[in-house]
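Just below is one structure, and these are the notes that go with it.
There are 4 protein chains.
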Amino acid sequence: MSGLPKVVEHVLTEPDLTYQFGGRYPIAEVLPGQVLRTSTEDCFSGAVRTVDDLPSKVCQQFNPVTGPFRVPGAEPGDTLALHFMEIRPARDWGMSATFPHFGALTGTHTTAMLHPALPEIVWQYDIDTTAGMIRYRARRGDYTVELPLDPMLGTVGVAPAADEVRSSIVPDVHGGNLDTPELRAGTSLYLGVNVPGAMFSLGDGHARQGQGEVCGVGVETAMHVTVAVDVIKGVPTPCPRIETDYQLISIGAARPLEDAFRISQHDLVTWTAQLTGLDPLDAYQLVSQAGRAAPGNVCDPNYTMHAAIDTAVLHGATGYGGVHQRLRDLARGLLATELFGTSPGTMSGTMR
Amino acid sequence: MSGLPKVVEHVLTEPDLTYQFGGRYPIAEVLPGQVLRTSTEDCFSGAVRTVDDLPSKVCQQFNPVTGPFRVPGAEPGDTLALHFMEIRPARDWGMSATFPHFGALTGTHTTAMLHPALPEIVWQYDIDTTAGMIRYRARRGDYTVELPLDPMLGTVGVAPAADEVRSSIVPDVHGGNLDTPELRAGTSLYLGVNVPGAMFSLGDGHARQGQGEVCGVGVETAMHVTVAVDVIKGVPTPCPRIETDYQLISIGAARPLEDAFRISQHDLVTWTAQLTGLDPLDAYQLVSQAGRAAPGNVCDPNYTMHAAIDTAVLHGATGYGGVHQRLRDLARGLLATELFGTSPGTMSGTMR
Amino acid sequence: MSGLPKVVEHVLTEPDLTYQFGGRYPIAEVLPGQVLRTSTEDCFSGAVRTVDDLPSKVCQQFNPVTGPFRVPGAEPGDTLALHFMEIRPARDWGMSATFPHFGALTGTHTTAMLHPALPEIVWQYDIDTTAGMIRYRARRGDYTVELPLDPMLGTVGVAPAADEVRSSIVPDVHGGNLDTPELRAGTSLYLGVNVPGAMFSLGDGHARQGQGEVCGVGVETAMHVTVAVDVIKGVPTPCPRIETDYQLISIGAARPLEDAFRISQHDLVTWTAQLTGLDPLDAYQLVSQAGRAAPGNVCDPNYTMHAAIDTAVLHGATGYGGVHQRLRDLARGLLATELFGTSPGTMSGTMR
Amino acid sequence: MSGLPKVVEHVLTEPDLTYQFGGRYPIAEVLPGQVLRTSTEDCFSGAVRTVDDLPSKVCQQFNPVTGPFRVPGAEPGDTLALHFMEIRPARDWGMSATFPHFGALTGTHTTAMLHPALPEIVWQYDIDTTAGMIRYRARRGDYTVELPLDPMLGTVGVAPAADEVRSSIVPDVHGGNLDTPELRAGTSLYLGVNVPGAMFSLGDGHARQGQGEVCGVGVETAMHVTVAVDVIKGVPTPCPRIETDYQLISIGAARPLEDAFRISQHDLVTWTAQLTGLDPLDAYQLVSQAGRAAPGNVCDPNYTMHAAIDTAVLHGATGYGGVHQRLRDLARGLLATELFGTSPGTMSGTMR
């Protein structure tokens, strides 16, 4: 067993759901180097179960997250690394909706207009984890179509800086409601630590979502989540970053959307310069030609965009001294042990 | 020859370059169903040839386009279809630069700031069309890396509505400086016709560019362009659209960036509803989960974003009654004839 | 008569209305030092005369301007000074309206939304030039109230740079549809000259408008306009500026609105530094504490904001070597001559 | 004494300063109908006392507020009314500064750019409360000028909704760092109550500031504040509102700036319709012609704009059943008693 991380099992119960980042006592501890297994509820707290359950009627609060988890040893100025080994739907159905005065193609409380709200409508999707597909069904007419299952967590973050407590609806430098499809299994998320213990929470699983999440709601479902946790001491992280096996990603959260773009590109340019030794303007040029960019959400209190570059373009440079590769390898070792050896636990439950 | 389009060869000369859309006499005519072969200069009019040629010193104007070409029979309310059969670098080098007060990570004339301009620096790339690669070289230090060649046209448009004449730097509903990497060979671009003859022009080739074109300049190079032209009578198009063999794309051009996002998503929702018979809110939901989105540029007078959906999600629905497939098949027939039969002309020249 | 300007009378006829800046032949000439007397139609071309005349039904085009007028001797790099001696309603009624998908509190073609348009409604105002009041009447219910008459021109501009031709709906560095209540009689407007002869046009009179013009339409009416014209040789002007007897004003036109703010404040800081000899950061500080700012419109293709500072704060410094004071004094001399001497003409007509 | 409010004296000490809204225990209680007398520190916590004290060096935190004060009986859904009887500089000097990467004409952490920060410079102003003037002094050169003293509080707010805790730097619907020059003595501020007791705090006095606060910092100084407190039961308030003797003001806080404009105008239209019985579109029209608008700040995490209308245009309608007039009259009564009778306390101290 030496070398394999210890698994912390956390069975989700109602009191473990919170609606803020910051200002809460931890529900459990996960040490650097350990793996956490837990579950998340959907953004409706599971209250929307049929197309007749209007969110504005059946929900009191939105977007619960599981947590916070305290990471002993994490201090302000460090970076928390969360490597997502598994993000697996816990139900065979997911829900989406239009919500009054929420979304990119409607007047909202900030883009205030004199129009009445668009109709509030709920859609139910089948989730087939075996086939790796979900099924869309129109509400008017009999149009249906399968879309690829692409599970992700919409909301992962730490306690904010400056003693702030932020609603779980908000994305910002502490993470939170990033709502980007890039946050899928196999990736590592890096978040700057603002308070002792980091105090991270996660939730808001989507069976999939489009880039920009234009109506404001993904295919919301409960998730089983397995995440390896580590802390990079003494290295700050200015905005949420993601690393995959082949790319580096910076995430900006702001309004207007060009500022989310600017933050993400600025960070990717700076990170690229740091990892390669390039002059900042040389890095600016390289990202300008080799970079990718896309919106995560254009509906939340801050919009998000990500900037990405292939590590191949950086001659294989990786972030934070290779922590992503190390966590990924540990995860594979753990998975192999579970499949062929003494499994430290099971995740076989289906949430109702 | 029956069934194959007639090829219009246009050899580019200096007077065929213009810097506006609208307000110019046509330089040639292309009939619906014909194929145009022409060339485009780079955004520096070819004046930046070494890293010591600073654009602000050696250029008087920027972003020349070849045209306008008149399409007899095109009338306001119709749609012009341009199917790009070939976009091929005409030089084995391309240039990029930072330009004073231009780009997303610098103060500009609109995002006005008290900072002095960032340094003006030029980068030269090798273009290897055989290998399908370009080579980046840092200006400070000896870092080099190969990036995939991905040729595109930054600027294609028609004469604007309302008797306007717009600088070729500007993207808007008439097309223009869209600066999106989606405008590559194999795609069809749809533009609403505003004046008799449509009066389209094209230019601003990039050997490649990143999404968002963050520094404001792609890998600029002259191009050989082959484009099949058609007109869809009586069908208007509200914003630039692209169709490929597997996806539909709508392009929004506006500031702030969320409005470019809104325009593109709104058009894709509307287009999806029209092609599938879905209710608009059902289409809104489908695009929300199945859609892709990315910025083209976040530096021009209007920013651009595109919204895309796979035609598979629409059960194979295609735009404008299949014009893209028809033009693509014609193009392949023409190509086969050229390769194995009596070629109507050659494109072998290299611009100097 | 020496010292008094010669008056150019221009009687407005239908063909003198245009809907663009740039690209038109001049309808008349006005020499530097001369005074022009002409008239302007309202933004509906006079076609909306009762509350039952819906603009979307009765209008083909919007926002006609009278012009262009050529100013011999004005060259690119010069500044055109227009001192408005009189802006006087030519009718005793004015019209306003909500227009489909236009205005700040509705989805528009750029802030694209899925809402249907708000209702199109027309309001008619009485204009009482003697009392200096206009009368608002609600359409539903019998609420009426008097508001101060504050006549202004919404649209004054010159031919744009770069051979562009812009719709008269658009405000930008060439002026155009600035839609600011600051452009009233007694002020001097400064515009950078882009083409020989400057080619200025004016129109879009409002009996008054609120700051920001939130519904998108002022109290539109035809105007009699008297304007003294001058050219400041060899002095460029980067954005529209206004001078009054006690303040300097810079106008920014852009989206998002913070960029219009930035342009206007940046120009006022720069102008302040130039007139006082202050270091730019000292001027930045002074404008930060002494400056005023307000939106003109938040509905046009570019939004406008102005930045203003009292000349008293600048120890009496005035723009362009005192041209405003000189034109104002000439205007007073002319007025005195008309009242007590040999009037060069009358403006007594009422447009129908 | 019947009819006159009881005065609560609160002597400011260091522990009474906080840097957040929400999440703190009250430092004192003020009953509805009582008057609070307290003091506020400047945004530098008094640490910037000469032009050589750079804020980035001498300050750990920014923008302390005095509070929170608990108002027994205030419940979520109620409105807190704060009538400012006095906002008086507590020092004869004030400080302003450019701060690295903060302000409207510089790259910031959200409008991220590759420029180095502008120079950090401090300006010191004399404050002469007797003359009602402050004195600006350039840092380079000997330019000085007097500006009118116009004391205001930049930051007044209540505990936010949704259990959030927000930095005192942030303006939003809970109030906070509104940074509007409209918040001067003689006005009543209305804030929606989110938590039992409202928990209001106040601070960030400016001897004056320009509209938009372009450099990001006003003329910061400590203040003596006297404020009458009341609660309007059962009446919610959607965004901060101000009432003066002659106008109603709504304040929007958002990015981009047009959304702050939209929020403020939307609220003023809605409020106007409610107070007059006008149809919402009739109110939209009336505000469009009679309304005023200006930015408060274009530098904070949310920008602010206000929308204002004269109560005369509303035929004298006032907000919340006349609470402003009632508080103002009580304030005058109290003042008269103090001047000629038994003063309940003195405000004569000068802070050092």
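Protein chains in written order, with my numbering: chain X, 83 to 434; chain B, 83 to 434; chain R, 83 to 434; chain P, 83 to 434.
For glycine and all other residues, C-beta sits at the position ideal for the given N, C-alpha and C.
All of these numbers come straight from a predicted model, not from anything done at the bench.
R:Glu325 - DSSP class collapsed to helix/strand/coil: strand
Rounded C-alpha distance that separates P:Thr386 from P:Pro182: 21 Å
Within chain R, partners of X:Pro322 - CB distance below 8 Å: Ordered by position in chain R, no residue passes the 8 Å Cβ test against X:Pro322, which lies about 24 Å from the chain.
Rounded Cβ spacing between P:Ser370 and R:Cys125 (contact assumed at less than 8 Å): With a Cβ gap of about 14 Å, P:Ser370 and R:Cys125 do not count as contacting.
Whole-angstrom distance between P:Gln407 and P:Gly401, CA atom to CA atom: 10 Å
Test: R:Met195 CB closer than 9 Å to a CB of chain X: yes
Contacts that P:Ala336 makes with chain X (C-beta to C-beta distance below 8 Å): Thr192, Arg337
Neighbour flag for R:Gly294 against chain X, beta carbons, 9 Å: no
Option nearest R:Ala394 by Cα separation, candidates P:Gly285, P:Val227, P:Gly223, P:Leu94: P:Val227
Residue span of the alpha helix (DSSP H) that contains B:Tyr366, given as start and end: 362-372
Residue burial classification, P:Tyr272 (beta-carbon count within 10 angstroms, cutoff 16): buried
Per-residue DSSP class, three states only, for R:Leu91: Sequence check: residue 91 of chain R is Glu here, not Leu. It is a strand residue.
Residues that B:His256 bridges to, as DSSP identifies them: None; B:His256 has no bridge partner.
is_contact[X:Asp98, chain P] using C-beta, thresh 9 Å: no
Simplified DSSP assignment, three categories, for P:Ala418: helix
Residue from P:His191, P:Phe184, P:Lys88 whose Cα sits closest to the Cα of B:Leu187: P:His191
Residue environment, R:Val238, which counts as buried when at least 16 other CB atoms sit within 10 Å: buried
Rounded straight-line distance, which links the Cα of X:Gly274 to that of X:His256: 7 Å
Chain X contact residues for R:Thr188, given Cβ-Cβ distances below 9 Å: Gly189, Met195, Leu196, His197
Straight-line gap, B:Met177 to R:Gly373 (C-alpha atoms, nearest Å): 44 Å
Burial state of P:Thr132 (16 or more Cβ within 10 Å): exposed
Identity of the residues DSSP links to P:Thr100 by a beta bridge: P:Val147
Three-state class that DSSP yields for R:Arg170 in the structure shown: strand
Between the CA atoms of B:Leu99 and R:Arg36 - distance to the nearest angstrom: Because chain R here runs from 83 to 434, residue 36 of chain R falls outside it and cannot be looked at.
Own chain partners of X:Gln102 with C-beta closer than 8 Å, once the 5 adjacent residues on each side are dropped: Val247, Arg248, Ser249, Ser250
Whole-Å CB distance - X:Arg119 paired with X:Thr352, under 8 Å assumed: With 8 Å as the limit, X:Arg119 and X:Thr352 do not qualify as a contact, their Cβ atoms being about 35 Å apart.
Cβ of B:Leu200 within 9 Å of any chain P Cβ: yes
Of the residues P:Tyr328, P:Leu235, P:Asp411, the one placed nearest P:Arg170, counting alpha carbons only: P:Leu235
Chain-ordered residues of the segment 356-368 of chain X with a beta carbon less than 7 Å from chain P: Pro362, Tyr366
Below-9 Å beta-carbon distance, B:Val240 vs any chain R residue: no
The segment 326-345 of chain R / the segment 376-390 of chain R touching (three or more Cβ pairs under 8 Å): yes
Neighbour list for R:Thr180 in chain P, Cβ cutoff strictly below 8 Å: Leu363, Tyr366, Gln367
Beta-carbon gap between R:Leu162 and R:Asp312 smaller than 9 Å: yes
Alpha-carbon to alpha-carbon, X:Tyr366 and B:Gly292: 11 Å
Rounded straight-line distance, which links the Cα of P:Arg414 to that of P:Lys88: 14 Å
Inter-residue CB distance, R:Gly268 and R:Thr180 (contact presumed, cutoff 8 Å): Incorrect: roughly 31 Å between the Cβ atoms, too far for contact.
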